[in-house]
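Letter by letter, the sequence shown follows residues 264 to 1082 of our numbering.
All C-beta atoms in this analysis are idealised placements derived from N, C-alpha and C, irrespective of residue type, glycine included.
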Amino acid sequence: DNMVTRADMRVQRGHHYAIVDEADSILIDEARTPLIISGPATMSTSHVYQQLRPLVDSIVRVQTAQCNELVQEAKKAWEAKDLDKVRDRLYMVYHSMPKHKQLLHLLENPEIRKIHEDGEMQMLSEMRRDYAHELKGRLYFTIDERTREVSLTDKGCEKICPQDPTLFVLPDLAAQMSAVDGDASLTEAERVEKRRAIQTAFMEKSDRVHVVNQLLRAYCLYEKDVDYVVQDNHVYIVDEFTGRVLPGRRWSDGLHQAVEAKEGVEIEKESQTLATITIQNYFRLYKKLSGMTGTAETEAREFKDIYKLDVVSIPTNKPVNRIDGNDQIYRTQREKFKAIIADVSRRHAKGQPVLLGTVTVDTSEILSRMLKMAHIPHEVLNAKNHAREAEIVALAGQKGAVTIATNMAGRGTDIKLGEGVRELGGLHVIGSERHESRRIDRQLRGRCSRQGDPGSSQFFISLEDQLMRLFGSQRISGIMQRLGLQEGEVMEHKWLNRSVETAQRRVEQQHYAVRKRTLEYDDVMNKQRTIVYELRGTILTGDAETVHGTILDVMNDLVRTQCERYLASEKDAQPLDFLNWLGVTFPVTVTEEELKPLLGNPTAAGDLVFGRIKEAYETKCAGEDPEILPLMERGVFLSVIDREWQDYLRAMDDLRQGVNLRAYGQRDPLIEYKKEAFAMFERLMASIKTKVVSSEFRSTTVTNLRRMLAEMEAAKARARTNEEAISLDAPAEAPRAAEEAPAEAPRETAPAEPTPPRETRPVDNKKAVAEVFASMMSTPVQIRPAQTGGAASHAVGRNDPCPCGSGKKYKKCCGRNQI
């Protein structure tokens, strides 16, 4: 609605009352990333991804080989009981490829896992921080799974481009600019050219570094069939909360192009942000907000803090008749999957339906292959096979049914039990791993035992699961080590359930911090967004008089601001700078002599200048088509706002990404962001005002221009007809006088201005309009009155600009039939 060009194109009726279904999914889960409306970028960088992909692919392979060697060294060190070396090698592998298969296999040993976890804690201490940095420096790049960031090391830069190790090192732009400014041997033109070359080189290097980082993230952090799927030669994002494909959505900041380059599919054009708002600030627009969900209690604090909503629990219609088993905890995923298949086989043999929930598409396909090997018939519902969703869900509660499903079937799905199933214990739900959010797990459990029906649920967990690796395995692995559990043995206790829930709370707290931080930054943008969109709404919905008045107000504000800047103090006034600005911005003339008496009186100076500007603009509008003029004024104003706002959003994205570095200087990034954003917004509003008034003066209604030129041509044709009639009736001396006239012309400082005949009066009536139009087009045209004599008609040279204001030469325009 804030991008349309006509008021009748808007679709929202205002923000009065919103009722949100599955409120926690929308208001909490989706709120980690802002809503973005994007469009095609003006510049395409797809070729850069193609050029750099082989380099990144090679460095990933080199690091993989290095990790293989490090794992082998760790094994040998373990056999030699060199525990320090084991710790160091595991630390390096974990921070270069945390999902390395040989590393995960090595960590199946509880003693080795304990050494690794203790080493991670030691490296965080002040005493070991430098040593940890040294170990990371031996790698080509480092990975942080929690923040999902990848960093290229100096060794990696040298490996990618041995000829130029500084290829991916950004230069000191300020120092280079200062050196150019201090070089007295350069002319002003050379200095400008050097500045431009430095900026171009900096932008190219910056883009190259950005593309390499995004390609590394695509290779190391984003997995096929987990974070995305490839279908029909396109990359589609998979929603981590629902397991569904998100057609039409793309990762921003070039990440989607990096994933497309990695998968070898067509790289689509990069997008740029046209409009953005967070989920929180969007729903805050509504005067009243409410919603319903079955899993909101765990997020009651966030609902209250962010949305000012209270969470009220409504009792179920019938008592819940579900048996929730303790989590089954295994050392490895291999052991866990075997236990899941054994449990499914046992329940399938007696006819009890089973719903097997998975977090990723990849896990669902692994379990499907294992069930096929066990000769257990089943259905698979995931992002690749969503077309039969309704049919699969309808049959999931039938006797003997086995259904593997991602989170697609975990929320809002009502599975009806078939005949005889209640006697067998109802639907049994198995979770193949714990999700990062407790609410998602509760949604999966809630698929069984609906409306008082019997049911049961159980989760199977391994220490190799994403949640346990990152947040919760240290305590549990210590217990396993003390108990001396062998392969295939399981741990089960309600205390362990609490440990898993503690890990989930850590993740939820981290995600809450991300959402809160995102909101804090967007609150700064929200105030600015409100101001810009209110101005845009005034122009979009206002009548012609309102739009015209707003344009004059903008002109007035702009003039008053510059008068205060240049002319406020008589002693420090800068009248020449003010006149230079005025000449560039408006097609009006004010002399220095006129300003001198007004120095130190910016109000009076503003009255004088704005009076001239208003007179010029009203004169220009008087010559426009009255029907099209309001559309032109509105269209020009809206296009300037949209264009400037898009550029501003791009600049704010750059600021948001770079402002965190100021934390190294002991400065709060949020406060620095607010300061920078305030200054940038002031420049934005000044730029909008300047470009609006400049564009309004330089725009015209095309139909009016054509009519004006046609009338001028008709007037000149009538003038020529009159000349021919006069020459036929003139005495013999007249031609001689006409021949002598050119000889006197060079001595004249200006062409004669005889009173034109009645037929040429339409040309004179267009004089003021042509003058404004000439100024508007920045064409130095002098408008002369129409001439009736032969000598006067040639006062405009053949190669001079045409007086009509078209910008063409006279011989190519109005004079083509006369010369």
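Contact set for residue i: own chain, Cβ-Cβ below 8 Å, skip 5 residues either direction
{"i": "Arg295", "result": "His774, Val777, Arg778, Thr781"}
{"i": "Ile693", "result": "Ile603, Asp606, Val607, Val617, Leu618, Leu619, Gly620, Ser720, Gln721, Phe722, Phe723"}
{"i": "Thr824", "result": "Ala949"}
{"i": "Trp514", "result": "Ile500, Val522"}
{"i": "Gly800", "result": "Asn265"}
{"i": "Glu764", "result": "Arg701"}
{"i": "Val474", "result": "Thr308, Val311, Tyr312, Leu315, Gly517, Ala521"}
Cβ neighbour criterion (16 or more within 10 Å) applied to residue i
{"i": "Pro373", "result": "buried"}
{"i": "Cys424", "result": "exposed"}
{"i": "Ile934", "result": "exposed"}
{"i": "Gly683", "result": "exposed"}
{"i": "Leu298", "result": "exposed"}
{"i": "Lys883", "result": "buried"}
{"i": "Tyr880", "result": "buried"}
{"i": "His279", "result": "exposed"}
{"i": "Val1044", "result": "Residue placement at Val1044 is poorly supported in this model, since its pLDDT is 34, which falls under 50; the coordinates still yield a value, given next. Looking at its Cβ environment, which holds 16 or more other Cβ atoms inside 10 Å, Val1044 is buried."}
{"i": "Gly715", "result": "exposed"}
{"i": "Pro640", "result": "exposed"}
{"i": "Phe841", "result": "buried"}
{"i": "Asp287", "result": "buried"}
{"i": "Ile300", "result": "exposed"}
{"i": "Asp271", "result": "exposed"}
{"i": "Trp758", "result": "exposed"}
{"i": "Gly1084", "result": "This structure does not reach residue 1084, given that the chain is present from 264 up to 1082, and the question cannot be answered."}
{"i": "Arg702", "result": "buried"}
{"i": "Ala438", "result": "exposed"}
{"i": "Pro998", "result": "Note on Pro998: pLDDT 37, under 50, position unreliable in the model; the coordinate value appears next. Result: exposed."}
{"i": "Thr556", "result": "buried"}
{"i": "Lys599", "result": "buried"}
{"i": "Arg585", "result": "buried"}
{"i": "Ile375", "result": "buried"}
{"i": "Arg913", "result": "exposed"}
Same chain, Cβ closer than 7 Å to residue i, five either side skipped, listed in chain order
{"i": "Gly688", "result": "Gln615, Pro717, Ser719"}
{"i": "Lys422", "result": "Ile322, Val325, Tyr403"}
{"i": "Val643", "result": "Ser627, Ser631, Ile667"}
{"i": "Leu821", "result": "Lys952, Thr953, Val956"}
{"i": "Leu680", "result": "Gly660, Gly689, Leu690, Asp716"}
{"i": "Pro893", "result": "Ala807, Val810"}
Residue i - partner residues in DSSP beta bridges
{"i": "Arg585", "result": "Gly718"}
{"i": "Lys551", "result": "Tyr280"}
{"i": "His691", "result": "Val617, Ser719"}
{"i": "Val665", "result": "Val617"}
{"i": "Glu412", "result": "Asp407"}
{"i": "Ala538", "result": "Ile300"}
{"i": "Lys643", "result": "According to the sequence as given, residue 643 is Val; it is not Lys. Beta-bridge pairing links Val643 to Ile667."}
{"i": "Ile724", "result": "Ile592"}
Span of the beta strand (DSSP E), counted from its first residue to its last, around residue i
{"i": "Asp407", "result": "404-407"}
{"i": "Leu298", "result": "298-303"}
Cβ shell of residue i (< 6 Å), same chain only, five flanking positions each side left out
{"i": "Met754", "result": "Ile592"}
{"i": "Glu531", "result": "none"}
{"i": "Ile542", "result": "Glu293, Ala294"}
{"i": "Val493", "result": "Glu526"}
{"i": "Leu415", "result": "Phe404"}
{"i": "Met818", "result": "Ile876, Val956"}
Boundaries (first-last residue) of the alpha helix (DSSP H) holding residue i
{"i": "Gly812", "result": "807-829"}
{"i": "Tyr880", "result": "865-885"}
{"i": "Ser958", "result": "932-961"}
{"i": "Val1088", "result": "No information on residue 1088 is available, as it lies outside the stretch 264 to 1082 that the chain covers here."}
{"i": "Leu1138", "result": "Residue 1138 lies beyond the stretch modelled for the chain, which goes from 264 to 1082, so this question has no answer here."}
{"i": "Ile592", "result": "Counting along the chain, Ile592 falls outside any alpha helix (DSSP H), though it belongs to the beta strand (DSSP E) covering 591-593."}
{"i": "Asn331", "result": "309-342"}
{"i": "Thr793", "result": "757-804"}
{"i": "Gly419", "result": "417-423"}
{"i": "Asp292", "result": "Per DSSP, Asp292 belongs to no alpha helix (DSSP H) and is neither H nor E."}
{"i": "Ala914", "result": "892-921"}
{"i": "Gln706", "result": "701-708"}
Residue ranges of each beta strand (DSSP E) within the segment 479-528, 3 or longer: For secondary structure counted as the beta strand (DSSP E) over 3 or more consecutive residues, the segment 479-528 holds these complete runs in sequence order: 491-494, 497-501.
Start-end ranges of the beta strand (DSSP E) lying completely within the segment 829-854, minimum 3 residues: Within the segment 829-854, no run of beta strand (DSSP E) at least 3 residues long lies entirely inside it.
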